Each structure stands twice: as C-alpha cells, then as structure tokens.
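Okay, structure first, notes after.
2 protein chains.
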Amino acid sequence: MSTGTSKRPGPSRKEVTHQRIVETAARAIRRSGYGGTGVAEIMQEAGLTHGGFYAHFESREGMLAEAADRAGADGMGMLARAAAAAPPKKALEAMLRAYLSKEHVEVAETGCAIAALGSEMPRQAPKVRRAATRRAKEMIDLVARQSPDWGQPGAHERALVTVATALGALVLARAVDDPKLSDAVRHAALNHLTPAG
Amino acid sequence: MSTGTSKRPGPSRKEVTHQRIVETAARAIRRSGYGGTGVAEIMQEAGLTHGGFYAHFESREGMLAEAADRAGADGMGMLARAAAAAPPKKALEAMLRAYLSKEHVEVAETGCAIAALGSEMPRQAPKVRRAATRRAKEMIDLVARQSPDWGQPGAHERALVTVATALGALVLARAVDDPKLSDAVRHAALNHLTPAG
DNA sequence: ACCTGCGTATGATGGTCGTCATATGAGCAC
DNA sequence: GTGCTCATATGACGACCATCATACGCAGGT
Numbered sequence: 459m460s461t462g463t464s465k466r467p468g469p470s471r472k473e474v475t476h477q478r479i480v481e482t483a484a485r486a487i488r489r490s491g492y493g494g495t496g497v498a499e500i501m502q503e504a505g506l507t508h509g510g511f512y513a514h515f516e517s518r519e520g521m522l523a524e525a526a527d528r529a530g531a532d533g534m535g536m537l538a539r540a541a542a543a544a545p546p547k548k549a550l551e552a553m554l555r556a557y558l559s560k561e562h563v564e565v566a567e568t569g570c571a572i573a574a575l576g577s578e579m580p581r582q583a584p585k586v587r588r589a590a591t592r593r594a595k596e597m598i599d600l601v602a603r604q605s606p607d608w609g610q611p612g613a614h615e616r617a618l619v620t621v622a623t624a625l626g627a628l629v630l631a632r633a634v635d636d637p638k639l640s641d642a643v644r645h646a647a648l649n650h651l652t653p654a655g
Numbered sequence: 459m460s461t462g463t464s465k466r467p468g469p470s471r472k473e474v475t476h477q478r479i480v481e482t483a484a485r486a487i488r489r490s491g492y493g494g495t496g497v498a499e500i501m502q503e504a505g506l507t508h509g510g511f512y513a514h515f516e517s518r519e520g521m522l523a524e525a526a527d528r529a530g531a532d533g534m535g536m537l538a539r540a541a542a543a544a545p546p547k548k549a550l551e552a553m554l555r556a557y558l559s560k561e562h563v564e565v566a567e568t569g570c571a572i573a574a575l576g577s578e579m580p581r582q583a584p585k586v587r588r589a590a591t592r593r594a595k596e597m598i599d600l601v602a603r604q605s606p607d608w609g610q611p612g613a614h615e616r617a618l619v620t621v622a623t624a625l626g627a628l629v630l631a632r633a634v635d636d637p638k639l640s641d642a643v644r645h646a647a648l649n650h651l652t653p654a655g
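These protein sequence lines map, in sequence, to chains A and B. If you read the first sequence in the working numbering, its first letter stands for residue 459, the second for the next number, and so on. If you read the second sequence in the working numbering, its first letter stands for residue 459, the second for the next number, and so on.
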C-alpha cells in the first residue's frame, strides 16, 4: 500500500532520503550560513550518519547548490501562500506583511533565502549562485505581478525597488542587536511600502 | 627622530602592530565573511605569523569585534567623505551615488560592513553585534542629518527606509550572478532614492 | 659592548572538517 | 529460507584551525 503498487516506479528509497537531506540542508544553511553548515551536522539532523553522504552528492558544494535552490523555493512558497490567502487587491500587501513580520525577522530557518544568505552569496560556487539568482528573479516577478501597476512602464523597476527595500529592512532588522531599532526598521519599511493600511 | 622624541609617549610598537592587524582583519571579514576569516590568514596578510596573535587579542572573537567596529567606521567614512565633497544640498544624493556605485557593488572589502556581513550578523557574538549595531545607528543618523526634511516629523523613519532600500539593493546586486540584473537593481534604487538626477 | 624586556616567531596540541574505502544489514527474487 | 543488491554505517586519513608554551632577537640603558 505504502508506495505505488502496480506500475509507477515511485520514488526510490534513495530519492526519498536524498530529498530529506536537501530539505534539512535548506533549513540548516539559512540557520547557520553556507560556511557554518557541515556535512556531518546535516546528515545527523536528517537522521543519518556522515558516511553515506557521497552516495547522494558529488561534493559538499553540489549539496549546497541543491539546498540553495530548495531554500529559495521555500521563500517563494511563503510569499505565494500569503498572496493566495488574500483578496487579489491586497495580495501585495499581504506578501509584504508576511515578509516583514516579526516572526520572519526572528526565525530565518524557513524564510527568505536571500535575506538569510545574501552577504555570503558573492563567495559561493557558480552552481550555488546560479540557483539563488534564478529564485531571486522568480521572487521579483512574483512581486511585479501582484503590483497594482502591472504591465505599465516602469512597473518592473518599481518591483525591484520594493524587493530591495523589503530585503534590506529584513537584513537590517535581523542584524541589529537592539529590539527597538529592529521593530522601527520593520515598521518604517512596512508603512512606506503599503499604501495606507 | 622617527617616533616622538621628547615627551609624548606616542603609540608603542605593539599598538601600531595591533592597529595594522585590526585594519587587515576589517578588510578580510568583508571579503571572506566572519566565518571564512582565519587567524593565520589575517596575521600573514599583516606581515606576521600566527603565533603572536594572542599577545594582541584575548580570542578570535575579540579580534572580530574590533574588526567589525573598524569595518563599520570605514563604511561610515566613505559616506561622510562623499557627503563632504558635495554641496550641502546634494550631500544625500552624493552618498547614495557612492553607496550604489558599480565599484561598491564589485569590491566589498573596503565598503559597507552591514552589506558585506549582514546575513552573518545574527549568529555573531554579542560583542560583535554590539559594535555593528552602534555603527549602523551612526550611519542611519548620518543619512537622517543630510536629508532635506531633517527635523520634521517622520524624518527618522524616512531615513530608515532610505537606508534599508540602499542596503537591500546593494546586497541583492552583489548576490545575483547576472550583471544585467545587478545593474538594473542598482539603477532602480538610485532613480527611486534620488529626486530627479 | 653587555644586559634586560618586550614583541614576535617557532612549533606543538587537540579538535573539527571534507572525503573516501570498506563493512554491515535490510529488502526482494526465487 | 537462501542469496543478491543496494542503501547506509563504521572507521580512517589528511588538511586546516584556534590556542598556547616557549624560544628568539631586536630595542634602549649603562
């Protein structure tokens, strides 16, 4: 019963484990950074031992690339969910409120990959940067599509600015060691980016 | 003749070396990140060997805190210099043009510490975060003072948004592996933040 | 010229990390 | 049930790192 019985091969055991490792790694890199995430730590967190790692990935870098892609998809999913749960007119505002929520500032593990890893990106392997760039473009397009002036000239530019402002506010709010300043940054960006709500 | 002769004790040899190490480290962390910067690498880059390190710092973390403070001061200095070189009316614009210049995107080593280290900040030791937070506040205040609406209500909030937007644009422009997108982010933020230059 | 202190170099230690060779053990075909 | 296959575990190797004990050598005073 468990896996498909008759025809469909279904995901092999190895593929299931592989995805579990990638998912674990996608959270680990957002928590500890690329450089701060070790092979053994990920494997243990996925309920395995470090030895079998190279049966799943050609190298640590290869795993980081898959993890970065997965982390980017996670962040996108969070925004898309927030947008889908709001009336179309309020989709952009809902995304921004989710992105700049106190919760997102406090727990990076399941949030935006660019905010959690942005300043480490320039040093990463080409594979890693390529995956992250693709996800960043998806995120910008998502914001552009939900903007009220979609299709009008300059709309894409405005989406870039919106993303930059939200990203910068999140990075700054997380970086700073002063809860008052952190909240001030969050609220200032939110008030600026949402019309009057 | 070389060092002060008569009264003034002048900086001792150790203090000179100490400052050289800190300056080297301030550039190293912006190039390689907190985690990617080793004790031996810094000492060698400063023309020394790794052994004498603990005659200057109580620990690697202590050095990182001093380096973070110095890196923050560097970024501030760059903005202050840009502002001072422009007529008062154009000071804010000059700072933003320097901050969002192609050069600043390409070489992080001597630029803004929060952009270079932002996503690694939440994991750093309290000393390090405290130094970075203090410098961040200085930077925000610098922007606020050069804004045209200084003193009016909401000016500080607007400065927060300006800083967040510039910071986010810089982080995003650096993170992305596509020069076209990098330039687009830079220019979009610049056009948005400068009235009509 | 010799002695004295302090700043720096040499070298070692314990720990962690990425990587890989090989052993173990579970699931399936017959 | 017996044997085969593949996923995972065990264990080891070399490299690198932070930290520290100790040896060296260059300054200035006499």
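Positions of the beta carbon are idealized from the N, C-alpha and C atoms, including for glycine. Being a predicted model, the structure only gives us computed values, none of them experimental.
Rounded separation between A556(B) and G505(B) - CA only:
Numbered from 1 along the second sequence, position 98 holds the residue referred to as residue 556(B). Numbered from 1 along the second sequence, position 47 holds the residue referred to as residue 505(B). If I take the Cα positions, the gap works out to 31 Å.
Less than 8 Å between CB atoms is the rule here; does T591(A) satisfy it with respect to chain B?
Locating residue 591(A) in the first sequence gives position 133, counting from the first residue. Chain B contact via Cβ: present.
If you drop the 5 nearest sequence neighbours on each side, which residues of the same chain put their C-beta closer than 7 Å to that of K472(B)?
In the second sequence, residue 472(B) corresponds to position 14, counting from 1. Correct list: empty, nothing qualifies.
What are the boundary residues of the alpha helix (DSSP H) that includes T507(A)?
In the first sequence, the residue the question calls residue 507(A) occupies position 49. First-last for T507(A): undefined, no H or E at that position.
Close-in-space but distant-in-sequence residues of the same chain around I486(A) (CB under 6 Å, 5 per side omitted):
In the first sequence, the residue the question calls residue 486(A) occupies position 28. It should be noted that the sequence gives Ala, not Ile, for residue 486(A). Closer than 6 Å at Cβ, skipping near neighbours: T495 and I500.
Output, in chain order, the set of chain B residues within a Cβ distance shorter than 7 Å of A622(A).
Translated into positions along the first sequence, residue 622(A) becomes position 164. Within chain B, the residues near A622(A) are T623, G626, A627, L630, V643 and A647.
Just to confirm before moving on: does the CB-CB distance between I667(A) and A544(A) stay below 8 Å?
Outside the shown range of chain A, which is 459 to 655, sits residue 667(A), and nothing can be said about it.
Quick check on Y557(B): does DSSP put it in helix, strand or coil?
In the second sequence, the residue the question calls residue 557(B) occupies position 99. Y557(B) falls in the helix class under three-state DSSP.
Backbone secondary structure at V634(B) - three-state DSSP
Locating residue 634(B) in the second sequence gives position 176, counting from the first residue. DSSP places V634(B) in coil when its eight states are reduced to three.
Excluding five sequence neighbours on each side, which residues of the same chain lie with their C-beta closer than 7 Å to the C-beta of A613(B)?
On the second sequence, position 155 is the one that residue 613(B) refers to. Correct list, in chain order: A602, S605 and D607.
Are L530(B) and A590(B) closer than 8 Å when you measure CB to CB?
Reading the second sequence from its first residue, position 72 is the one you call residue 530(B). Reading the second sequence from its first residue, position 132 is the one you call residue 590(B). Note that residue 530(B) is Gly in the sequence shown, not Leu. Contact: yes.
Going by C-alpha to C-alpha distance, which of A523(A), A552(A), R489(A) and M534(A) sits closest to K585(A)?
In the first sequence, counting from the first residue as 1, residue 585(A) sits at position 127. Among A523(A), A552(A), R489(A) and M534(A), the Cα nearest to that of K585(A) is on A523(A).
When burial is assigned at 16 or more other CB atoms within 10 Å of the CB, is T623(B) buried or exposed?
Translated into positions along the second sequence, residue 623(B) becomes position 165. Flag for T623(B) reads buried.
Whole-Å CB distance - L558(B) paired with A627(B), under 8 Å assumed:
One-based indexing of the second sequence puts residue 558(B) at position 100. One-based indexing of the second sequence puts residue 627(B) at position 169. By a beta-carbon distance limit of 8 Å, L558(B) contacts A627(B). Their separation comes to about 6 Å.
Excluding five sequence neighbours on each side, which residues of the same chain lie with their C-beta closer than 8 Å to the C-beta of T568(B)?
Looking up residue 568(B) in the second sequence gives position 110. The answer, listed in chain order, is R485, R488, D532 and M536.
Using the rule of at least 16 other Cβ atoms within 10 Å of the residue's Cβ for burial, across every protein chain shown, is H562(B) buried or exposed?
The count along the second sequence starts at 1 and reaches residue 562(B) at position 104. Residue burial annotation: H562(B) is buried, with at least 16 other C-beta atoms found within 10 angstroms of its C-beta.
Leaving out five residues before and five after C570(B) in sequence, what residues of the same chain have Cβ atoms less than 6 Å from its Cβ?
Translated into the one-based positions of the second sequence, residue 570(B) becomes position 112. For C570(B), where only same-chain residues beyond five positions count, the Cβ hits under 6 Å are G533.
Let's see if you can read the secondary structure: which residues bound the alpha helix (DSSP H) around A589(B)?
Along the second sequence, one-based indexing puts residue 589(B) at 131. Taken as a continuous stretch (DSSP letters only), the alpha helix (DSSP H) holding A589(B) covers P584 to Q604.
On the CB-based measure, 16 or more other CB atoms within 10 Å of its CB, does H508(A) come out buried or exposed?
Translated into the one-based positions of the first sequence, residue 508(A) becomes position 50. Flag for H508(A) reads exposed.
Inspect the beta-carbon positions of S577(A) and V629(B) and report whether they are closer than 8 Å.
Taking the first sequence and counting its residues from 1, the one referred to as residue 577(A) is at position 119. Taking the second sequence and counting its residues from 1, the one referred to as residue 629(B) is at position 171. S577(A) is a Cβ neighbour of V629(B), given a cutoff of 8 Å.
Inter-residue Cα distance where the pair is A552(B) and M597(B)
Here the question's residue 552(B) lines up with position 94 in the second sequence. Here the question's residue 597(B) lines up with position 139 in the second sequence. Taking the straight line joining both Cα atoms gives about 14 Å.
With 8 Å set as the bound, which would you pick, yes or no: does the beta-carbon of S464(B) sit closer than that to a beta-carbon of chain A?
The residue you call residue 464(B) lines up with position 6 of the second sequence. With a pLDDT of 39 at S464(B), under the threshold of 50, the modelled position of this residue cannot be trusted; read the value that follows with caution. Chain A contact via Cβ: absent.
Could you tell me whether any Cβ in chain A is nearer than 8 Å to the Cβ of H650(B)?
Here residue 650(B) corresponds to residue number 192 of the second sequence, with the count starting at 1. Chain A, which has a Cβ nearer than 8 Å to the Cβ of H650(B), makes this yes.
Beta-carbon contacts of R518(A) that lie in its chain and below 7 Å, excluding the five residues immediately before and after:
In the first sequence, the residue the question calls residue 518(A) occupies position 60. Here R518(A) has V497 as same chain residues with Cβ atoms under 7 Å from its own Cβ, once five neighbours each way along the sequence are excluded.
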